[in-house]
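Residues 3 to 280 (the working numbering) make up the sequence shown, in order. A virtual CB, placed ideally from N, CA and C, is assigned to each residue, including glycine. Single-structure report; data block below.
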Amino acid sequence: MAKVIGMLNVTHVPSIAGAIQGKKYDDPYWKPWFDGFHPVHDWLKTLNPTVVVMFHNDHGLNFFLDKLPTFAIGVAPKYDVADEGWNINPFRTFAGHEELAWHIREELHKAEFDMVVCQEYLIDHSVTVPMELCWPGVTPSFKFVPINLNTILFPVPTASRCEKLGKVVHAAIESFGPNERVLVMGTGGLSHQLEGKRAGHINKKFDKECSDHLVNDIEWFRKFTSEDIVELAGSQGLEVLNWIAARGACPAKMKEIYRFTKIPISNTAGNILCLEPS
Ligand code: DHB
Ligand code: FE
Numbered sequence: 003m004a005k006v007i008g009m010l011n012v013t014h015v016p017s018i019a020g021a022i023q024g025k026k027y028d029d030p031y032w033k034p035w036f037d038g039f040h041p042v043h044d045w046l047k048t049l050n051p052t053v054v055v056m057f058h059n060d061h062g063l064n065f066f067l068d069k070l071p072t073f074a075i076g077v078a079p080k081y082d083v084a085d086e087g088w089n090i091n092p093f094r095t096f097a098g099h100e101e102l103a104w105h106i107r108e109e110l111h112k113a114e115f116d117m118v119v120c121q122e123y124l125i126d127h128s129v130t131v132p133m134e135l136c137w138p139g140v141t142p143s144f145k146f147v148p149i150n151l152n153t154i155l156f157p158v159p160t161a162s163r164c165e166k167l168g169k170v171v172h173a174a175i176e177s178f179g180p181n182e183r184v185l186v187m188g189t190g191g192l193s194h195q196l197e198g199k200r201a202g203h204i205n206k207k208f209d210k211e212c213s214d215h216l217v218n219d220i221e222w223f224r225k226f227t228s229e230d231i232v233e234l235a236g237s238q239g240l241e242v243l244n245w246i247a248a249r250g251a252c253p254a255k256m257k258e259i260y261r262f263t264k265i266p267i268s269n270t271a272g273n274i275l276c277l278e279p280s
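Here you go:
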């Protein structure tokens, strides 16, 4: 049977792609952030996933503000990178795990999550940047299943609904016949706000609390409304919903393997959190 073997949550910021393309690994601004991934690289070598199921948010590439599903799943055979306006050159195409994606969709439907099912699905910086940070320069051997959450336009799903979505995905993965080693990823966040009077807002204390509670106390998030999250973490801080869904998709008991913070990365509190079943 398939198994969830870990969770890897990572910030996504388009300018990281620019720094990778410009090979700014030793640039004083970027070096601490890139160095923060060395322990992740070592961990991933031992973990050796065969599938990545990623919770992320599209930024206007597949869905724009006029038609924005709350939840969508990719069931495509392959995922091509498209630049949504940041001048990011394509990194690489990912092979989809169609069979697992359809199985997850089926289980979500039984649990009354009516997903938009995408047989074609382009990927933006919310996928390519974390992938390139975690597997630099490598065409990964794992297959990929993307799950898209609306974190950008109200009404966004509540934290508790994202937790439930994740839990159904976990049960679906663990009821999938073939012996896959599944790494769950959540991208984006943590706190940031790109527009308006609070542009540049970062809340280091709340971010730390989020990472602390994600390890083994996901219930903590249930008390927050979407408005609370915007107030605390900034309007794009809602991307923490991807982190919550990813944690929901893991076994109940997890242990922390690694955590890293670099503030700021562009306008965002750059964060990494790695967990493994305990
Ligand atoms: C930034 C962060 C994001 O999450 C994003 O989608 C775009 C830009 C930033 O900090 O610049
Ligand atoms: Fe984003």
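Identity of the residue in the options nearest residue i by Cα
| i | options | result |
| --- | --- | --- |
| T153 | W32, E182, T189, R183 | T189 |
| I274 | D29, D37, A21 | D37 |
| G198 | N181, A113, D60, Q238 | Q238 |
| T72 | L192, I267, N11, T160 | T160 |
| V54 | L234, R200, F146, E278 | F146 |
| D44 | P138, W104, D82 | P138 |
| P79 | E233, R224, I231, C120 | C120 |
| I18 | F223, Y31, A97 | Y31 |
| D209 | P41, C252, A271 | A271 |
| P41 | D82, K112, L135 | L135 |
| L46 | M187, T227, F57 | M187 |
| C276 | Q23, G191, L185 | L185 |
| R224 | K166, N269, P279, T95 | K166 |
| V6 | H172, F262, S228 | H172 |
| G95 | T130, E278, M56, F65 | Reading the sequence as shown, one finds Thr at residue 95 and not Gly. Of the candidates T130, E278, M56, F65, the one whose C-alpha sits nearest the C-alpha of T95 is T130. |
| L70 | E229, M117, G24, R261 | M117 |
| F262 | F115, D214, W222 | D214 |
| F39 | E229, F115, P132 | P132 |
| F65 | A21, V170, N150 | N150 |
| A248 | Q23, M56, G20 | M56 |
Cβ pair residue i, residue j closer than 8 Å
| i | j | result |
| --- | --- | --- |
| H203 | G236 | yes |
| I220 | I246 | yes |
| N11 | R183 | no |
| M3 | F144 | no |
| V77 | E100 | yes |
| I267 | A174 | no |
| N282 | L234 | Only positions 3 to 280 of the chain appear in this structure, which leaves residue 282 out of reach. |
| V217 | M256 | yes |
| M9 | C212 | no |
| L63 | A84 | yes |
| P34 | K264 | yes |
| A113 | I75 | no |
| H58 | P148 | yes |
| T13 | G191 | yes |
| K170 | F115 | In the sequence on display, residue 170 carries Val and not Lys. It is a contact, given that the beta carbons lie within the stated cut-off. |
Assigned exposure category for residue i - 16 Cβ within 10 Å defines buried
| i | result |
| --- | --- |
| D60 | buried |
| P16 | buried |
| R163 | buried |
| Q195 | buried |
| G250 | buried |
| S193 | buried |
| D29 | exposed |
| L155 | exposed |
| V140 | exposed |
| E241 | buried |
| L67 | exposed |
| H111 | exposed |
| P180 | exposed |
| A201 | exposed |
| E278 | buried |
| A254 | exposed |
| Y27 | exposed |
Legend entry - Beta carbon nearer than 7 Å to a non-hydrogen atom of the ligand DHB: H14, V15, P16, S17, H61, H127, S128, G190, H194, L196, Q238, E241, I267, S268, N269, T270
Legend entry - Stretch pair the region 125-142 + the region 90-101: three plus CB contacts closer than 8 Å: yes
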